[in-house]
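Residue numbers (full-length UniProt numbering): 1 to 614. All C-beta atoms in this analysis are idealised placements derived from N, C-alpha and C, irrespective of residue type, glycine included. For clarity, every value in this text was computed on a predicted model and none was experimentally measured. Right, one structure below, let's go through it.
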Amino acid sequence: MTDNRNTILAVILSGLVLIAWQYFYNVPAMEKQRAQQQAQAELQKANPQPTASATPGATPQAGSAPTTAPGANQQGQPTVSRDTAIAAGPRVKIDTPRLAGSISLKGGRIDDLALLQYRETVDPKSPPIILYSPSGTAEPYYAEFGWVAATGVTSKMPDAQTVWQQDGSGSLTPATPVVLKWDNGEGLTFRRTISVDDHYLFTIKDDVSNVGNAPVTLYPFALISRHGTPQVSGYYILHEGLIGYLDGLQEYAYKKIDEAKSVSFKVTNGWLGITDKYWASALLPDTSAQLQARFSSNLTGNVHTYQTDYLLDPVTVAIGGTGTANARLFAGAKEAGVVGINFPLAGLGGYNKALGLNKFDLLIDWGYFYFITKPMFLGLDFFYRFFGNFGISILLVTVIVKLLFFPLANKSYASMAKMKSIQPQLQALKERYPDDKVKQQQEMMEIYRKEKINPVAGCLPVVIQIPVFFSLYKVLFVTIEMRHAPFFGWIKDLSAPDPTNLFTLFGLIPFDPTTIPVFGHYLALGIWPIIMGITMWFQMKLNPTPPDPTQQIIFNWMPLIFTFMLAGFPAGLVIYWAWNNTLSVIQQSFIMRRNGVKVELFDNLKATFAKKAT
């Protein structure tokens with residue numbers, strides 16, 4: 001039966017896509033992540049990471065900011081805890097609704113930062129996400145600002161060992177900036193004013209006044225440094241590493257920059273930083289500034305240091321004069337409403353619009369199919385603002401998608417209904433020309449032409465579903481808004497797989513089948529994947545049982561195969577698929593009735609169980 005063949009073809013096509021996706025990306029990525037975790041754990045046991053120290057850079061003729069690198073650790077000094085490192089020197093507290101941490105007066109670095117609104121797990125009492133950590137800890141990560149002396153200038157410059165003095169007292173809050181000062185004793189006084197908004201933006205103003213006996217030429221710089229190769233998700237669809245908009249979007253994974261060592265750019269209106277899946281740190285210079293920007297990776301011992309930095313045009317400070325440099329730092333969660341989303345009628349300008357930045361919305365990895373993923377996110381976000389639940393948003397967006405594609409699906413299902421109505425004619429052709437396949441095809445195409453039937457129409461519903469499926473997968477995977485977003489009942493995180501599991505009797509047996517090598521990923525068979533499989537089985541049973549035994553086997557096993565394949569996908573995606581199947585059954589049944597074709601769902605279900613009973 002041609003309509004059954006078309007449906008089988010469409011299902012097999014989508015199945016092959018999902019299998020390839022799992023085989024080539026998900027499974028290798030998970031194995032890679034486990035291997036990295038084990039290797040890093042062993043490396044930390046054998047070689048504790050050395051304490052970091054600043055190494056002044058070469059003259060600006062080299063076109064780069066100072067380079068920070070792990071120290072030689074000649075005394076064998078081990079790493080210390082964050083609390084110990086933070087308590088080791090004077091600091092200025094950071095206190096905002098979203099950020100908590102401190103600025104180190106030694107070096108003037110922003111190197112202690114926690115994101116208060118995000119937790120490590122779905123438990124609201126779990127520790128907050130740590131973004132920055134000081135030098136000397138296991139994973140140093142910080143931002144630094146300052147000046148580099150031009151060739152021939154011998155005056156002392158503030159560096160990582162410089163101890164600044166706070167002008168006044170108090171914490172850094174959105175309402176109260178802090179001012180740091182340092183006098184080099186040679187006629188130069190450095191003054192740094194740091195302010196922060198109520199989200200994730202730091203604004204740094206560096207002033208240097210000259211009361212010496214000669215003008216000085218200095219280059220303003222800013223850098224973000226991260227010591228040690230961090231753990232990454234390892235998925236092809238997500239970039240984690242060095243990123244910037246520098247004469248186009250530049251993305252360097254950690255391995256890629258390790259191979260390149262250093263990459264330089266000279267641009268205007270650019271930004272650069274380091275991104276994780278949900279968090280990022282980025283330098284946002286003035287949009288009119290000419291940047292000598294750089295991505296780099298330095299290896300000292302067994303430790304890589306990754307750095308993004310820029311150097312601005314020189315500032316000559318006359319005797320009795322003052323030079324000024326401005327910088328901005330984004331350090332926080334990649335929230336679409338805060339970062340910005342560049343899409344018509346989006347209404348989410350964020351920093352991208354407010355600061356006039358150049359495509360800062362690309363800090364969120366929308367992917368090559370952003371024209372699908374962005375509208376998908378905006379739709380989910382729109383309904384979330386009304387209902388406060390992204391699970392409900394997924395259900396409503398699925399209905400909207402169904403309505404948008406209703407005319408096309410209507411034609412498809414109507415064509416399928418006509419295909420069923422001409423089955424007696426097609427069967428008669430086979431009996432009339434049992435040994436002449438060519439004649440069968442000719443007569444069949446003539447019937448299709450007279451009845452205005454498209455023989456490949458049965459593929460369209462599934463083909464339409466594939467881009468929507470992957471756009472929703474992308475949104476669930478990369479947007480922080482979906483992280484730890486609950487649905488109802490046992491689903492506490494739509495971006496994670498269903499936590500229940502049939503193979504543990506839904507928690508009664510203390511066993512994790514997903515740890516089994518190779519195929520363990522497919523054994524996360526929760527309640528929602530089972531529901532999805534049942535709805536897909538119902539959709540298959542909506543069509544008559546194909547006469548060909550091979551087709552019957554495919555029809556019978558396909559829902560089960562898909563159930564296991566999608567079991568490890570985010571729960572939000574499985575919920576979408578189950579709901580979409582349910583809507584498809586309702587829609588197809590309605591169209592079949594309207595075209596005078598009998599809906600055989602319950603007859604087929606009854607026949608299936610009758611066979612088993614027999």
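Problem - Bridge partners - H227, DSSP secondary structure assignment - result: T305
Handout entry: Simplified DSSP assignment, three categories, for E446
Key = helix
Problem - Stretch pair the segment 138 to 157 + the segment 207 to 219: three plus CB contacts closer than 8 angstroms - result: yes
Practice task
Could you name the residues of the same chain whose beta carbon sits closer than 8 angstroms to that of S133, not counting the 5 residues immediately before and after it, in chain order?
Solution key: R82, A85, D111, D112, E139, P140, Y141 and Y142
Practice task
State the CB to CB distance for the pair Y310 and A160, rounded to an integer number of angstroms; the pair is presumed to be in contact (CB under 8 angstroms).
Solution key: With 8 angstroms as the limit, Y310 and A160 do not qualify as a contact, their Cβ atoms being about 18 angstroms apart.
Problem - Cβ shell of I480 (< 7 angstroms), same chain only, five flanking positions each side left out - result: Y278, A333, K334 and E335
Exercise for the section: For the beta strand (DSSP E) holding L242, just list the boundary residues, first then last. Expected result: G241 to Y245
Practice task
Look at the alpha carbon of F254 and the alpha carbon of Y235, and state the distance between them as a whole number of angstroms.
Solution key: According to the sequence displayed, residue 254 carries Tyr and not Phe. Near 13 angstroms, if we compare the C-alpha coordinates of Y235 and Y254.
Problem - Distance between Q539 and W577 (C-alpha atoms, nearest Å) - result: 12 angstroms
Practice task
Flag this pair as touching only if the segment 485 to 503 and the segment 391 to 408 have three or more C-beta atom pairs under 8 angstroms; answer yes or no.
Solution key: yes
Problem - Where W279 sits in the DSSP three-state scheme - result: strand
Handout entry: the segment 173 to 182 in contact with the segment 191 to 203 per 3-pair CB rule at 8 angstroms
Key = yes
Practice task
Assign M445 to one of two classes, buried (16 or more other C-beta atoms within 10 Å of its C-beta) or exposed (fewer than that).
Solution key: exposed
Exercise for the section: Assign E251 to one of three DSSP states: helix, strand, or coil. Expected result: strand
Exercise for the section: Quick one: grab the DSSP three-state call for R109. Expected result: coil
Practice task
Return the residue from the list K541, T308, D276 and R593 that minimises the CA-CA distance to F555.
Solution key: K541
Handout entry: Three-state secondary structure assigned by DSSP to S471
Key = helix
Practice task
Label P424 either buried or exposed according to how many other C-beta atoms from any shown protein chain fall within 10 Å of its C-beta, with 16 as the threshold for buried.
Solution key: exposed
Practice task
Identify, in the order they occur along the chain, each residue of the same chain with its Cβ nearer than 6 angstroms to the Cβ of V263, setting aside the five sequence neighbours on each side.
Solution key: F295
Handout entry: Whole-angstrom distance between A325 and residue 625, CA atom to CA atom
Key = Since the first residue shown for the chain is 1 and the last is 614, residue 625 is missing from the structure and cannot be characterised.
Exercise for the section: Report yes if the CB atom of L246 is closer than 8 angstroms to the CB atom of G273, and no otherwise. Expected result: no
Practice task
Go ahead and label A282 buried or exposed: buried means 16 or more other beta carbons lie within 10 angstroms of its beta carbon, across all protein chains shown.
Solution key: buried
Exercise for the section: For L99, count neighbouring C-beta atoms within 10 Å of its own C-beta (all shown protein chains included) and say buried if the count is 16 or more, exposed if not. Expected result: buried
Handout entry: Beta-carbon spacing of I516, L505 below 8 angstroms
Key = no
Exercise for the section: Go to L99, then tell me how far its beta strand (DSSP E) extends in each direction, as first and last residue. Expected result: L99 to S104
Problem - Alpha-carbon spacing of P128 relative to T121, whole angstroms - result: 9 angstroms
Practice task
Whole angstroms is fine: what's the gap from A114's alpha carbon to Y200's?
Solution key: 11 angstroms
Handout entry: Proximal residues to K359 (C-beta, below 6 angstroms), its chain only, five neighbours per side dropped
Key = Y245
Exercise for the section: Give the C-beta separation of T173 and D276 to the nearest angstrom, bearing in mind that I take them to be a contact with Cβ-Cβ under 8 angstroms. Expected result: Between D276 and T173 the Cβ distance is about 26 angstroms, and since that is not below 8 angstroms, they are no contact.
Practice task
Go through its chain and collect everything with a Cβ distance to V338's Cβ below 8 angstroms, but skip five positions before and after it.
Solution key: H199, Y200, G332, G350 and Y351
Problem - Local Cβ density within 10 Å of E144, reported as buried at 16 or more and exposed below that - result: buried
Handout entry: Same chain, Cβ closer than 7 angstroms to T373, five either side skipped, listed in chain order
Key = W366, G367, S471, K474 and V475
Problem - Identity of the residue in L362, W557, A428 and F386 nearest V478 by Cα - result: L362
Problem - Endpoints, the alpha helix (DSSP H) within which K205 is located - result: Note, K205: premise wrong, no alpha helix (DSSP H); beta strand (DSSP E) at L201 to N210.
Problem - Unbroken beta strand (DSSP E) run spanning R294, endpoints - result: Q290 to T300
Problem - Sub-8 angstroms separation of T398 and N581 beta-carbons - result: no
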